[in-house]
Every structure is written in structure tokens, then in C-alpha cells.
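Structure first, then comments.
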Amino acid sequence: MVTTTDSDPVQYEIFPSRMLDPSSAQEILNRLEQIEGVTRVLVQGPKLPLTVPYGPGKGAPVDHTAREVIRVGDQVMELQVKVGRIRLESEHDVMEEIRALCEELFPFPFELKEGLFLRRKATVTDYAKYGPDELVEDKSIYGMTDPSMTPSSKICESCTDTRE
Amino acid sequence: MAYTPQYYPGSSSVAVNRRKHMSGDVEKLRTVSDDDMVAALGHRAPGADYPSIHPPLKEMGEPDCPIRQMVEPTPGAAAGDRVRYSQFTDSMYSAPSVPYFRSYYAAINFRGVDPGTLSGRQIVEARERDMEQQCKATIESEMTCPALAGLRGCTVHGHSLRLAEDGMMFDMLQRTHLEGGNVIEDKDQVGVPIDRKVNLGKPMSEAEAKKRTTIYRTDGVKYRDEPEVLDHVHLVHHRRTMYGYRPETAAETAPGVGPVTYHTV
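Taken in sequence, the protein lines are chains A and B. Under the numbering used here, read the first sequence as residues 633 to 796, first letter to last. Under the numbering used here, read the second sequence as residues 48 to 312, first letter to last.
Below, the structure written as C-alpha cells:
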């Protein structure tokens, strides 16, 4: 069981009723980044493959228009998912700021929930990926990666690979 | 007086649409050329002959069989076509049709088809030209909205996901996209690019989709608001459970007992 205290960071999940286009995702991620106290943001959604993964057309290029390069703050990254949810962590309560932001940006309904969405403790998978907990310098990496990602892939250029 | 099957109980728009799909009395909304549809299916090149797996039945000399004499072969079977498939996916967000009613439509209104019904997709296997005839009728009718339904041979999981901002059902392989207000298909049903843009027409508006849908939803026509359907489903379930393959032996529906009402919790 995870116990929380007043000093623990709070986590939110934004669940829009439509999947977001890359431009909308870029807009909201940039605006979220400007909210004071937000430390971690994760986007989740169905994966957009580069090639047809299975079936008679296996290997054919997909060229999905939602797989676009977006810029968030000073980071440039290629979206590998169609953005369906945004999970974020903040050092203090920013619920109302996020709600106002979503109401401003989304022309469709959305859900905003507070809860525990990004894990705080290392799992066995994290141990396999990053090594023993005491050797991991940046523990904010936990829960921020695609569980099925290949060992060579990185979230962004500034993420350091702490595996030996 | 000729017997007219009722097909499905209920009085709401969803029940009416379900009856329409089953009876085949569906409205034609768009026209897709034969070549465009053949390209979208991806089984043969547009304009090419139908490959065959056996000589035409007339040349084969069939055995003396009363069933074969009674049943006229479909055009595809008579010509010896290959068996090929078409597969559709329908979004849970008020798509006009659903797998079950696509299967009813195919099985009731077409000969020589083998419909397969799954939770998120519906496949029809048949001799190639029979399958194309059925597929064309389905695509051109009100059973298909190009944004909320799609010809997908694989990767159908978009049916259960939220729609995109432009109202299109999610497709990992992006076989269709919006272009100038029309839905364009530029890949075949398994995601291989084709050398043409198949125009599937304009997507249905949200109100239009809700009017034509066969899906009971809490934000549309609610299943619980349809007592006749609930009663009928309950009756079928009860008889199937209690009397197996002999529902006519059900004691409560024996002569003299009178009508039985089932109360759904």
C-alpha cells in the first residue's frame, strides 16, 4: 500500500473525450509545462507503428500523420502514440489551473482526476531496466517509460540511460 | 396474405434500423466504382480477371446429386472463383452498423456467403465475385459511415477507442483520412498503399450517425427503454436455457396458459 502525506507530490490525469491531434497535444503540453510546480508529464495512447506490424501487409510503411515531431519547452520529440491521456505530477495542488487550461483548449468534454497514476517505487521491470534502486540517481524515471520499449530507445535526448 | 417477417422487436429508431439492416431494405448513400472497391479490397488488380481454383461447374460434369440439382450455384461458384474475404470494423461511438447486424444482413440477403461475427469486426468469406457484390452493397449503403466504420482486414482495435478530433475512428495503419471534407482511402484493407485515392464520400454528422445507428447507448437510445426488446431477449434466453433445442415444449407457453411476461431486473 502506498501512503501519501501532505508533502507528497499530487498527480492528475487528463482524459479528453477525443484523441488529441499532434498540434493540440503540443499546445497543451507546452501550457502544462508553464504551470509552476509541475515536475513530470506523461502522454499515453495507442501506438503508431512505422510499418504494418502483422497481417498480409506486414512491413509496408504506415506514414501516420499523427506521428509528428513536436516541441515541448526546449525538448523536441517524435510522438509515437496518438495522445489519449495526459498524466502529470505536481509539487502542489494545481487542479484548478489544469481545469481552466483544459476548458480553454478543448472544444469537447474531458475528465480530470486526481490520484496515483505514476508509480513512486521501482518494480521488477524497473530493476531489470535501471538496476538496483539505490544506484538510480533520477528516480523520477519510474513509470515514465513504455513498458514494451526496446532497451536502445530513449524518451528524449536529455534522458540518461543509467543501466550498466 | 404473404408472410412478412418482422425480424426484430422494438419501436425505437435503433430497433427500426436493426430491422432495416436485417431485411436488406437499406438506403443507398454513395457510389463507389467497381475498380475502386477492388483496389481497396486488395485481392486482385483492378480490371484483372477473376483467378479460379477449378473449371466452371458446367465444364466439370457434376455427379448426379438431387441437392446440386435443387440449388442453383452462385455466380462465383459457377465460375470457380477463389474464396476471398472482406472485413469491417464499426466504432462503438454510434456507428451505423455492428458486427451482428452486418452478419444478419449478409446471411439473410445474400447466397453463398459465410459471415463471421466477432466483438469488434465482422468478416464475410465467399467466392470472390459474390463477396465483392455483398461488400459493394454494404459500403454504398447506410450501413457504413466512412468515418465511423472501415474496411479493415487487420488491426481493428480502433472500434473501441475514442474518436479523433476530426471525428474519424482511430486506425493505427491510417487507411483512411479526411481530405476536403471527404474520407479518402489510399491503402487496401491490410494497410498496403494503393495507387489511387478511393473517395468514400462525406462522413455522417453526429446527429445523422445517432439517427442511423443500431447501437443502444446511454447517450442515445437506452436499451433499458426498450421493454419489447428486453422481454423478447429474456424469453429467448429463458427458453434456450430451460428447454435447449426444444423451446416449443416450454410449459408456460403451452396452450391455455396465456401470455407470459418476463420482468428484467
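We treat Cβ as the ideally placed atom computed from N, Cα and C, and that holds for glycine.
{"Item": "Whether Lys258 of chain B touches Ser70 of chain B by CB criterion (8 Å)", "Value": "no"}
{"Item": "Which of helix, strand or coil DSSP assigns to Gln221 of chain B", "Value": "coil"}
{"Item": "Minimum length 4: unbroken alpha helix (DSSP H) runs contained in the region 215-267 of chain B", "Value": "253-259"}
{"Item": "Chain B contact residues for Ala657 of chain A, given Cβ-Cβ distances below 7 Å", "Value": "The premise fails here: Ala657 of chain A is roughly 10 Å from chain B at the closest Cβ pair, so nothing lies under 7 Å."}
{"Item": "Cutoff 7 Å; reference Gln181 of chain B; Cβ partners in own chain excluding five residues on either side", "Value": "Ala153, Phe157, Val160, Val171, Ala173"}
{"Item": "DSSP state of Gly163 of chain B mapped onto helix, strand, coil", "Value": "strand"}
{"Item": "CB contact check: Arg719 of chain A to chain B, cutoff 8 Å", "Value": "no"}
{"Item": "Met709 of chain A at chain B interface by Cβ criterion, 8 Å", "Value": "no"}
{"Item": "Glu275 of chain B and Pro122 of chain B closer than 8 Å at C-beta", "Value": "no"}
{"Item": "Exposure of Tyr50 of chain B, with buried meaning 16 or more beta-carbon neighbours within 10 Å", "Value": "exposed"}
{"Item": "Positions along the region 197-215 of chain B whose CB lies within less than 9 Å of some CB in chain A", "Value": "Gly200, Cys201, Thr202, His204, Gly205, Leu208, Arg209, Leu210, Ala211, Glu212, Asp213, Gly214"}
{"Item": "Phe738 of chain A, DSSP secondary structure in three states", "Value": "coil"}
{"Item": "Contact set between the region 232-248 of chain B and chain A, restricted to residues whose Cβ is under 7 Å from the partner", "Value": "Val237, Gly238, Val239, Pro240"}
{"Item": "Enclosing alpha helix (DSSP H) for Tyr270 of chain B [first to last residue]", "Value": "From DSSP, Tyr270 of chain B is part of no alpha helix (DSSP H); its letter is neither H nor E."}
{"Item": "Opening and closing residue of the alpha helix (DSSP H) in which Gly197 of chain B lies", "Value": "From DSSP, Gly197 of chain B is part of no alpha helix (DSSP H) but of the beta strand (DSSP E) over 196-198."}
{"Item": "C-alpha distance - Gln53 of chain B paired with Pro681 of chain A, whole-angstrom precision", "Value": "46 Å"}
{"Item": "Inter-residue Cα distance where the pair is Ile667 of chain A and Pro678 of chain A", "Value": "27 Å"}
{"Item": "Near-chain A residues of the region 133-149 of chain B (beta-carbon distance less than 7 Å), N- to C-terminal order", "Value": "none"}
{"Item": "Coarse secondary structure for Thr755 of chain A, derived from DSSP in three states", "Value": "coil"}
{"Item": "Range covered by the beta strand (DSSP E) that runs through Thr671 of chain A", "Value": "670-676"}
{"Item": "Ser722 of chain A to Ile773 of chain A span [Cα, whole Å]", "Value": "15 Å"}
{"Item": "Distance, Arg264 of chain B Cα to Leu277 of chain B Cα", "Value": "15 Å"}
{"Item": "Own chain, CB closer than 7 Å to Val145 of chain B, minus 5 neighbours either side, in chain order", "Value": "Asp137, Thr261, Ile262"}
{"Item": "Cutoff 7 Å; reference Glu729 of chain A; Cβ partners in own chain excluding five residues on either side", "Value": "Ile667"}
{"Item": "Cβ shell of Arg672 of chain A (< 7 Å), same chain only, five flanking positions each side left out", "Value": "Leu720, Glu721, Leu750, Ser772, Met776"}
{"Item": "Contact the region 203-215 of chain B vs the region 683-691 of chain A: 3+ CB pairs below 8 Å", "Value": "no"}
{"Item": "Per DSSP, cross-strand counterpart(s) of Asp653 of chain A", "Value": "None; Asp653 of chain A has no bridge partner."}
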